[in-house]
Amino acid sequence: MQRLVPRPSARVSSASQRRPPAHALVDAARLLTPSKALPSTSHACAVPVRKPASDFHLRRGRVIDVLRESYPRLFQERPDMSIYARNIVCFRADGGGPRVRGIAAYTRMFDALHLSRRTMVAAAELQHRLHVCDDDTIRVRWAAKIWLRLPLPRASPLHVDGVSVYLLDSNARVVVHRLEFVDVLHDGRSAAEGAAQPLAGPLPLPLVSCGREGDSRLPLRGAG
1 MQRLVPRPSA RVSSASQRRP PAHALVDAAR LLTPSKALPS TSHACAVPVR
51 KPASDFHLRR GRVIDVLRES YPRLFQERPD MSIYARNIVC FRADGGGPRV
101 RGIAAYTRMF DALHLSRRTM VAAAELQHRL HVCDDDTIRV RWAAKIWLRL
151 PLPRASPLHV DGVSVYLLDS NARVVVHRLE FVDVLHDGRS AAEGAAQPLA
201 GPLPLPLVSC GREGDSRLPL RGAG
């Protein structure tokens with residue numbers, strides 16, 4: 001009697017026919033593997049990070065804050081003297097007047113201003129505008145109205161207009177205070193035209209402009 005050998009099912013046969021050869025799988029794996037590493041998504045979508053401010057710019061910001069806060073009270077109290085270098089120099093650009101050297105002499109200058117305010121001045125107002133010209137230069141344009149006790153009547157104030165330029169050293173401390181413009185007016189007349197005033201100053205000087213204003217010689221009176 002002949003033994004019957006079972007034949008493989010059609011399903012197994014067709015499955016084995018659909019299976020790719022081993023060498024084809026190896027070739028496909030090589031095609032799917034990149035030759036160079038793909039860029040990381042963290043770099044491709046990275047958001048630029050803002051660098052923190054340097055110590056110099058932080059200290060310069062404090063100098064600006066102190067100047068802005070102290071100018072309206074300059075006739076009453078000293079500014080924060082810690083923003084000034086010990087070797088600070090203060091002078092007028094036209095060469096007139098004394099040259100103040102050192103923090104001690106610069107401090108005494110404010111004390112003398114306050115003594116004059118108490119003894120010679122009945123009232124005083126001070127307005128200012130501050131501009132940062134560049135990293136180490138701060139420019140303040142100021143205008144003062146001063147009512148002297150004598151000999152001028154209360155209704156006739158002196159108008160003192162000026163520009164102060166502050167230069168910073170590498171530690172962001174004020175090392176130079178330069179007066180580039182000073183003019184004293186009373187009833188529309190300059191002190192240089194013969195008005196007898198103890199605060200008499202020179203004729204207007206050319207200004208170093210930061211390019212943020214028009215005519216630098218325009219008065220600041222009435223500005224906020």
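Start counting the sequence shown at 1; every next residue gets the next number (the UniProt record's numbering). Idealized CB from N, CA, C, for every residue including glycine.
Extent of the continuous beta strand (DSSP E) run through residue i
i      : result
Leu167 : 158-168
Which of helix, strand or coil DSSP assigns to residue i
i      : result
Ala172 : coil
Glu69  : helix
Arg60  : helix
Asp134 : strand
Asp183 : strand
Top-ranked residue by Cα proximity to residue i, from the options
i      : options                       : result
Leu130 : Leu185, Ile103, Met109, Glu69 : Glu69
Pro72  : Pro98, Leu58, Arg141          : Arg141
Tyr106 : Val184, Val175, His186        : Val175
Leu148 : Val121, Leu126, His186        : Val121
Ala123 : Pro157, Val66, His186         : Pro157
Leu168 : Ala53, Thr137, Val160         : Thr137
Asp94  : Ser170, Ala172, Val163        : Val163
Arg114 : Glu77, Leu58, Arg59, Ile146   : The identity of residue 114 in the sequence shown is His, whereas the question assumes Arg. Among Glu77, Leu58, Arg59, Ile146, the Cα nearest to that of His114 belongs to Glu77.
Ser116 : Arg60, Gln127, Ile64, Ile146  : Ile146
Leu150 : Gln127, Arg118, Arg101        : Arg118
Val63  : Leu126, Asp135, Phe181        : Asp135
Boundaries (first-last residue) of the alpha helix (DSSP H) holding residue i
i      : result
Ala104 : 103-119
Rounded distance between the beta-carbons of residue j and residue i, thought under 8 Å
i      : j      : result
Asp80  : Val66  : 5 Å
Phe91  : Arg178 : 6 Å
Ala144 : Val160 : 4 Å
Arg139 : Tyr84  : Contact doesn't hold; Cβ gap of about 17 Å is too wide.
Gly102 : Ile88  : 7 Å
Asn171 : Arg59  : 7 Å
Counted within 10 angstroms of its Cβ, other Cβ atoms place residue i as buried (16 or more) or exposed
i      : result
Ala112 : exposed
Leu203 : Note that Leu203 has pLDDT 37, beneath the 50 cutoff, so the model's placement of it is unreliable and the number below is only indicative. Leu203 comes out exposed.
Ala104 : exposed
Ala192 : Any reading at Ala192 is ruled out, since the residue's pLDDT is 49, under 50, leaving its predicted position unreliable.
His186 : buried
His57  : exposed
Asp183 : buried
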